[in-house]
Structure formats: C-alpha cells, structure tokens
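Data block below; observations after.
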Amino acid sequence: VIEIECLLCVEDDPSNRLVLKLLVEKLLRARHCVILEDSEEFMQRVHDLPVPPDLILLDIHVTPFNGFQMLKMIREDPEHFGTKAVALTASVANEEVERLRESGFDGAIGKPITLCSFPNAIERILKGESVWQV
Amino acid sequence: MKVAKRSSPARKKGSRQKPGGLSLDEIACDPAELRHLRRAAEKRNAELAIIHSVQQCLASRLDTQAVYELVGEKICDLLDAQSVWIITFDPATRTRRVRYSIENGQRYYPTEPLPYNGLTEHLIKTKRPLVVNENFPEAVTRYGMINIAGTQQRIKSIVYIPIMAGDDVHGFISLPDFERENAFSETDVNLLSTFASSMSIALENIRLFEETQRLLKEADQANQAKSAFLSSMSHELRTPLNAIINLVEMVARGLIGAVNEQQVELLDQALQSSRHLLNLINDVLDISKIQAGQLTLFVEDQVNIHVEVDAALNIVGGLMKEKGLQLVRDIDPQLPLISCDRRRLRQVLLNLISNAIKFTREGTVTVSVKNQGVDVLFAVIDTGPGIPPDKHSLIFEPFIQADSEEGQVEGTGLGLPISRSLVQAHGGELWVESQPGAGAAFFFTLPVDRSPS
Numbered sequence: 001v002i003e004i005e006c007l008l009c010v011e012d013d014p015s016n017r018l019v020l021k022l023l024v025e026k027l028l029r030a031r032h033c034v035i036l037e038d039s040e041e042f043m044q045r046v047h048d049l050p051v052p053p054d055l056i057l058l059d060i061h062v063t064p065f066n067g068f069q070m071l072k073m074i075r076e077d078p079e080h081f082g083t084k085a086v087a088l089t090a091s092v093a094n095e096e097v098e099r100l101r102e103s104g105f106d107g108a109i110g111k112p113i114t115l116c117s118f119p120n121a122i123e124r125i126l127k128g129e130s131v132w133q134v
Numbered sequence: 135m136k137v138a139k140r141s142s143p144a145r146k147k148g149s150r151q152k153p154g155g156l157s158l159d160e161i162a163c164d165p166a167e168l169r170h171l172r173r174a175a176e177k178r179n180a181e182l183a184i185i186h187s188v189q190q191c192l193a194s195r196l197d198t199q200a201v202y203e204l205v206g207e208k209i210c211d212l213l214d215a216q217s218v219w220i221i222t223f224d225p226a227t228r229t230r231r232v233r234y235s236i237e238n239g240q241r242y243y244p245t246e247p248l249p250y251n252g253l254t255e256h257l258i259k260t261k262r263p264l265v266v267n268e269n270f271p272e273a274v275t276r277y278g279m280i281n282i283a284g285t286q287q288r289i290k291s292i293v294y295i296p297i298m299a300g301d302d303v304h305g306f307i308s309l310p311d312f313e314r315e316n317a318f319s320e321t322d323v324n325l326l327s328t329f330a331s332s333m334s335i336a337l338e339n340i341r342l343f344e345e346t347q348r349l350l351k352e353a354d355q356a357n358q359a360k361s362a363f364l365s366s367m368s369h370e371l372r373t374p375l376n377a378i379i380n381l382v383e384m385v386a387r388g389l390i391g392a393v394n395e396q397q398v399e400l401l402d403q404a405l406q407s408s409r410h411l412l413n414l415i416n417d418v419l420d421i422s423k424i425q426a427g428q429l430t431l432f433v434e435d436q437v438n439i440h441v442e443v444d445a446a447l448n449i450v451g452g453l454m455k456e457k458g459l460q461l462v463r464d465i466d467p468q469l470p471l472i473s474c475d476r477r478r479l480r481q482v483l484l485n486l487i488s489n490a491i492k493f494t495r496e497g498t499v500t501v502s503v504k505n506q507g508v509d510v511l512f513a514v515i516d517t518g519p520g521i522p523p524d525k526h527s528l529i530f531e532p533f534i535q536a537d538s539e540e541g542q543v544e545g546t547g548l549g550l551p552i553s554r555s556l557v558q559a560h561g562g563e564l565w566v567e568s569q570p571g572a573g574a575a576f577f578f579t580l581p582v583d584r585s586p587s
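Line order of the protein sequences matches chains D and Y.
For the first sequence, counting from 1, position 59 maps to 59 in the working numbering; every step adds exactly one.
For the second sequence, counting from 1, position 149 maps to 283 in the working numbering; every step adds exactly one.
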C-alpha cells in the first residue's frame, strides 16, 4: 500500500466524490485526503491544507475554474509548482488527452476508473512516471 | 454546300460570297472555286478548333464571370464581331443583367439590373434565336426595347441567341452590327448557338459544382455537430458509469463488507452489463469520430506487440475458458517494435478475438502474429460457422449487422467497421477470408514504421 502524506481531489459529481473517497480509503494509504466539490478560491484552499499536497487529482469539467486553470494556478505557485497533478477525466478521446499532456499534467486517469489498476497508476505517478491510463 | 455560304470576317471587308450551292462538277472544274472551298474548309476547321478549345476551357471554369468573359472574347475573335453582349435573366426579380459587353474593343460595365422588356419575354417564350437583319427601329418598337449605352440608333443588324438552362431561357448573347443589314447568316446563328449551348453546359456545371460543395459542407457541418454532441454525451454517460462500476466492484470485492457467493454473482453480472454499456458508448463515439474524419491516433514508438497481444488475451481468457474453447498462440518470437496507438491496437485485437469467441461454439481460436519485414501480419482464426462470401463486405459496413445463424448478436455491429478504420488510420489493411462451414480468418497488417499521414 502506498503512503501518501496529503491527497487533494476536486470532483463536482457527488457519486464520483463518494467513489474517490472509497477508492482512496480502501486502496491507498493517505494521511490526509481532502475532496473539494468545486474550484472556488482554489489556491486559498490549497494553502489552507494542513500539509502541502503530494498529489492532486483534478476533474476537468469543474466550476468556476476548470481542470486546466487549476493546474495553471498550481504550476504558477512557487510553493506547489512541483506537485504531481493528475487529470480525472471522462473525456477520453485522443485529442482531449493530448491537450492534457500539453498543458503539463503528470498523467490522466479516464473515467470510469479501473479499480484494479488505480493504485498502481497512482504509485507510478508518485514515483515520477507520467501515466496516461484512459 | 453551306460551307461555301458561310459568312466570314472577310465579308465585312466587302468580298461577299454569291448565294446558292455548287455542284460537284463546278467544284472539280473551277480552280478558283476549289481554292475558295479549301479556304472555307480551313476556316471551318479553325472555327471548330476554337469551339473545341472553348469547350475545353469552359469545362475547367468554376466561376461564372470567367465563363462569360471567355465566351465573349472568343465570339469577338471568331466572328470578328464589332460588339458582343451577354445578358442573363433573373426570373425572381424579373430583371436582366449585363454580364459581358464590348464594342469596338471597348468594354462596358453596366451594373444596374434592367427590368424585363418585350424582347426578354419574346426570347423566354420562343426559346429560339432571333435575327433582325433589317429595320432595327421597327424591332425596337415591336419588342419594347430601351436604349442601352446609346447604341440602338446605329444598329443595322442584330442577332439574339438564347442561353438555355435546362428548358428555360437563362439569358442571351447578342451581336449588333453597326455597318450592314443582313450581316448574319444561318451559319453564324448556328455557330453562336453552339457557343451558347457550351456556355449553358459550363454554367450548369458550375451550378452543380457549387450545389455539391454546399451539400458537402452542410453534411460535414452536420457530422461535426453530431460528433461534438456525441463527445459531450460520452462524457455525460461516463460520469455516472464511473460511480456505478466502481461502487459495485468495491462491494463485489468485499472491500465494503462481507458479501456471500450469490451476492458476488449478482454484482458481477451488474458489472458485466455496465462494462458492456461502456463498450457500446465507446463504439458509438468511435464511429461518429471516424465518420466526421476526426479520428486521431495517439502514436507511440517502440510498442512491444507481445505485451499488447498478452493484454488482449488476458481480458478474453476467462470468456474462452467459459465456452470451452482452446486458444492457439502462433506468435513469431522475433517481432519488431512498432509505432502505433497501443490502445487502438489492443482494441482491434480484442474486437477480433471476442468476435471469434462469440461466434465459435467449439474448437479453437488461433491468434497468430508474423513478422513480414515492412509490416506485421496479425490473424485471428476461428472454427465457427464461417461467413458466406456475399457477406464479406457487409460486415464492414457500419449500422448493418449481417444476419447471424447463431441467433441474436450482441453489440452494435460497429466493431469491425471501427477496427478496419483504426487499422487503415495506421496505414494497414484489415480483411476477412472465410467460407461457410470452414471458420473465419480475420487478418490485419500494421506497418513497422508508420509513415506520417
């Protein structure tokens, strides 16, 4: 089981938030796991975390800032620019995945998430690999 | 012998041909006539050559004004005309518009449309050329013409040739002669009619071309809209499926609490159905992208075929065991690393192998991969009922499922058309070889080095 100090997720769909919460709880070992339902005051909430996150999972279709905008904020923040960021996306067409790569995500996990390969994907990303599991 | 009567530019300089035909004797006996006939024949040949070249030029024109210009210029050249007008009609507004006009080398560009007059109505009604060889002012009164550019007073003869569009008169070509009455012969009229009909064909071609372009553009836009809609629909459908599949799977795996055997069985059934639904969504999205020409590959270099084949076989292994089928692996140990979209390769393999399993009751499913140098040949061969040759092309048509003897066929029937498009997008080919009762063999090739498309 992988050890994570702090995991931050943004997911606006309630059922998908439940899935994330359970996946993290059952398959990963995270000391802190915060799941936001929107991206209101996103950076403020990132700074308010008890410890800086080592991994951020971002849904793309989120308001008021979408996944790309949140990633940009992270990358422009001197405290967090190196944080691993993974897109959780239900838009899995190649050109959309290509956009994610180009904008600087460390990886993407397509929805529906594949339960059996989810922990492995997270582990590889934390190790510095770029993982595109869509 | 019409050819001898042909009026020519020369006549305008005063050498008029006497009317009447020539007998063969006269032709044979009179060297002067013979010379004249030869000249006339040469001239006629030159005219035909010009008409032919005009027709050829017109065939490649895709702009109506260019057609008017070309015909106007060539008529001027060929008939040494003093003036040429090309007018078109607009039945909706009952107006006519000058498309081309020239007088003694001087171009005129009247832009305002003029209302129909008696002449317009006359040409529309008769659909025939009108020749006024004398007393033009009388014709002006009779056809209720109005003065264009002050030329009417000077006209001695004039000819009007209708330009047809199907069965309707689309406009006319007119040639006024300011010097002589009877300036136009029947041959002139025929020649001009030939121009007018070539022009009609060219204009019709342009209209059809523009219509086709418009329809193509509309179809393309409709396809793009459909594809965009399906993309967003796919996103919308995946979001709840993510919850359904994962929540069910977590319960089924006992991650949430103890579950008994029967519960696991039911949950697995629900999972299978959810995954099937997901496949259907993927197929519909894929085919719409293919049809909209928006399929993009995510090409990776150094793809290990063994890994992809194993991954595909892993997924269908359970299903094969369930049906009691035997898997035969015939995979070249020396396969090159290739450039391809790994996910798509796996998708094609999965589609072919699961089809083979689906249609085969007993026997074997053989998966074979051979290195052919420039490309790699994949084959999936089953011992199922086979496919009659007349269905071989049908099974690659989207939205059509070939009748199956095996009863109801699961799926959208899009798998094979999608697989073929995916392989073709890689620069390969996918085909079937099969006879009823002798199983089916699906082959596809992938180039080792994918040439940039």
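Ideal placement from N, C-alpha and C gives every residue a C-beta, glycine not left out.
The structure displayed is predicted, hence computed values, not measured ones.
- A residue is called buried when at least 16 other Cβ atoms come within 10 angstroms of its Cβ; Leu-453 (chain Y) does not meet this threshold and is exposed.
- Close CB contacts of Leu-548 (chain Y) within its chain, under the 6 Å cut and outside five residues either way in sequence, are with Asp-417, Ile-421, Pro-532 (chain order).
- About 16 Å separates the beta carbon of Val-323 (chain Y) from that of Val-303 (chain Y), a gap too long to meet the 8 Å contact definition.
- Straight-line measurement puts the Cα of Pro-296 (chain Y) at about 14 Å from the Cα of Gly-206 (chain Y).
- The beta-carbon of Ile-74 (chain D) is placed no less than 9 Å from the nearest beta-carbon of chain Y.
- Around Phe-105 (chain D), the same chain offers Leu-71, Ala-85, Val-86, Ala-87 as residues with beta carbons nearer than 7 Å, after the five sequence neighbours per side are excluded.
- With fewer than 16 other Cβ atoms from the protein chains shown falling within 10 Å of its own Cβ, Lys-127 (chain D) counts as exposed.
- According to DSSP, Lys-504 (chain Y) shares a beta bridge with Y:Leu-511.
- Here the C-alpha atom of Asn-238 (chain Y) lies approximately 12 Å from the C-alpha atom of Leu-309 (chain Y).
- Phe-493 (chain Y) does not reach chain D, its nearest Cβ partner there being about 27 Å away, counting only Cβ pairs nearer than 9 Å.
- For Leu-168 (chain Y), the enclosing alpha helix (DSSP H) has its first and last residue at 165 to 194.
- DSSP places Ile-113 (chain D) in the coil class of the three-state scheme, outside both helix and strand.
- Using beta-carbon distances, Lys-360 (chain Y) does not count as an interface residue toward chain D, since no partner is under 9 Å.
- Considering only beta carbons, the part of the segment 381 to 405 of chain Y lying closer than 7 Å to chain D consists of Leu-381, Glu-383, Met-384, Leu-389, in chain order.
- Around the CB of His-80 (chain D), 16 or more other CB atoms lie within 10 Å, so the residue is classed as buried.
- Between Asp-475 (chain Y) and Asp-466 (chain Y), the alpha-carbon positions lie close to 21 Å from each other.
- Within the segment 241 to 305 of chain Y, the complete alpha helix (DSSP H) segments at least 4 residues long are 252 to 260, 270 to 276, listed from N- to C-terminus.
- Put simply, of Y:Thr-517, Y:Leu-556, Y:Pro-165, Y:Ile-236 the residue whose alpha carbon is nearest the alpha carbon of Gln-216 (chain Y) is Y:Ile-236.
- Contact note: Lys-525 (chain Y) does not reach chain D at a C-beta cutoff of 8 Å; the least C-beta distance is about 31 Å.
- At least 9 Å separates the beta-carbon of Val-499 (chain Y) from that of Leu-471 (chain Y).
- Near chain Y, meaning a CB-to-CB distance below 7 Å, the residues of the segment 107 to 123 of chain D are Lys-111, Pro-112, Ile-113, Leu-115.
- Secondary structure note for Leu-389 (chain Y): it is in no alpha helix (DSSP H), with a DSSP letter that is neither H nor E.
- Within the model, the alpha-carbon separation for Gln-425 (chain Y) versus Glu-344 (chain Y) is close to 23 Å.
- Taking a C-beta distance under 9 Å as the contact criterion, Leu-484 (chain Y) and Ala-513 (chain Y) do not qualify as a contact pair.
- Here the segment 362 to 378 of chain Y makes contact with the segment 88 to 102 of chain D; the two share three or more CB pairs at distances below 8 Å.
- Taking Val-462 (chain Y) as reference, the option from Y:Glu-456, Y:Gln-468, Y:Gly-451, Y:Leu-469 with the minimal CA-CA separation is Y:Gly-451.
- Secondary structure note for Glu-76 (chain D): its alpha helix (DSSP H) is the uninterrupted segment 67 to 76.
- Here DSSP, grouped into helix, strand and coil, assigns Gly-549 (chain Y) to helix.
- Under a criterion of Cβ atoms nearer than 7 Å, the residues of chain D adjacent to Ile-379 (chain Y) are, in order, Pro-112.
- Of all residues in the segment 24 to 40 of chain D, the ones placed with a Cβ closer than 7 Å to any Cβ belonging to chain Y are Lys-26, in chain order.
- The straight-line gap separating the alpha-carbon atoms of Ile-185 (chain Y) and Arg-233 (chain Y) is approximately 20 Å.
- Across the segment 4 to 21 of chain D, CB contacts with chain Y closer than 8 Å involve Asp-13, Ser-15, Asn-16, Leu-18, Val-19, in sequence order along the chain.
- If you draw a straight line from the Cα of Phe-578 (chain Y) to the Cα of Ser-473 (chain Y), it is about 15 Å long.
- Asn-66 (chain D) is outside the set of residues whose beta carbon lies under 9 Å from a beta carbon in chain Y.
- In terms of Cβ geometry, Val-265 (chain Y) and Ser-291 (chain Y) form a close pair [threshold 9 Å].
- Taking C-alpha positions only, Ser-502 (chain Y) is separated from Asp-444 (chain Y) by approximately 12 Å.
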